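In my numbering, the protein residues as written are 1136 to 1331.
Every residue gets a Cβ at the ideal spot worked out from N, C-alpha and C, and that includes glycine.
Because the structure is a prediction, the values reported are computed rather than measured.
Before any comments, here is the structure.
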């Protein structure tokens, strides 16, 4: 394509339009720019798309309480308190009435399966991580220096409690969960919308 002085093209176009001719338009598509654009688009979509899916299964009979401040839940052992029964990872362990009528704080039917679930989660975590990788990641500590007490990922428990459950029942479950060896308890809630 020839380079013209400014204004030449416009004058040439005016002459063509007087004679009834049309100016040729050739649109060149820059393939490199298009590939770059699609690459950026694909990377954006991959990063914004959540492929983890559903982290926690919420039973139909459980209505979670709503909260304004929430943080994302990590996969963990889930204890569900519904108005009918107590479940550990979708497996019923005892009825809700048995929990309410029990005088003792430690719920034995919940404690034993919970200990097994925590031990199984610990084994899965250790198999995945491996001893060498764990030693490479941990910072060296001086002799006599206390090791930071960091909650272990396998001893985190998520509690799903129906919003109609009384606090005494939730407190019994929390006591049993900590006695079973859990170091951190998270509560599953739904995010309250701005209109509520």
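At the level of alpha carbons, what is the spacing between residue 1297 and residue 1262? If I take the Cα positions, the gap works out to 34 Å.
What residues in its chain sit with their C-beta under 6 Å from that of residue 1284, if we drop five residues either side in the sequence? The predicted model places residue 1284 with a pLDDT of 45, which falls under 50 and marks its position as unreliable, so this point remains unresolved.
With 16 as the cutoff for other CB atoms within 10 Å, does residue 1295 come out buried or exposed? Counting other Cβ atoms within 10 Å of its Cβ, residue 1295 reaches 16 or more and is therefore classed as buried.
For residue 1305 and residue 1325, what's the separation of their Cα atoms in angstroms? Here the alpha carbons of residue 1325 and residue 1305 stand approximately 18 Å from one another.
Simplified DSSP assignment, three categories, for residue 1250: It is helical.
Report yes or no: do three or more beta-carbon pairs, one from the stretch 1235 to 1251 and one from the stretch 1300 to 1320, lie closer than 8 Å? Result yes; three or more Cβ-Cβ pairs closer than 8 Å.
Work out the CA separation of residue 1236 and residue 1230 for me, nearest whole Å. Rounded to the nearest angstrom, the two C-alpha atoms are 10 Å apart.
First through last residue of the alpha helix (DSSP H) which encompasses residue 1306: That run of the alpha helix (DSSP H) goes 1302 to 1314.
Report the three-state DSSP secondary structure of residue 1328 (helix, strand or coil). Residue state, collapsed to three classes: coil.
Residue closest to residue 1253, alpha-carbon to alpha-carbon, out of 1203, 1194, 1171, 1292: For the residues 1203, 1194, 1171, 1292, the minimum Cα distance to residue 1253 belongs to 1292.
Pick from 1303, 1204, 1220 that is closest to residue 1197, judged by C-alpha positions: Of 1303, 1204, 1220, the residue nearest in Cα terms is 1220.
Just the Cα atoms here: how many angstroms apart are residue 1327 and residue 1300? Distance between the alpha carbons of residue 1327 and residue 1300 is about 19 Å.
Assign residue 1211 to buried or exposed, taking buried as 16 or more other Cβ atoms, counted over all protein chains shown, within 10 Å of its Cβ. When all chains shown are included, residue 1211 counts as buried.
Roughly how many whole angstroms lie between the Cα atoms of residue 1224 and residue 1184? Spanning the two alpha carbons is a distance of roughly 26 Å.
Determine the direct distance from the alpha carbon of residue 1164 to that of residue 1174, and round the result to whole angstroms. Going from the Cα of residue 1174 to the Cα of residue 1164 covers about 17 Å.
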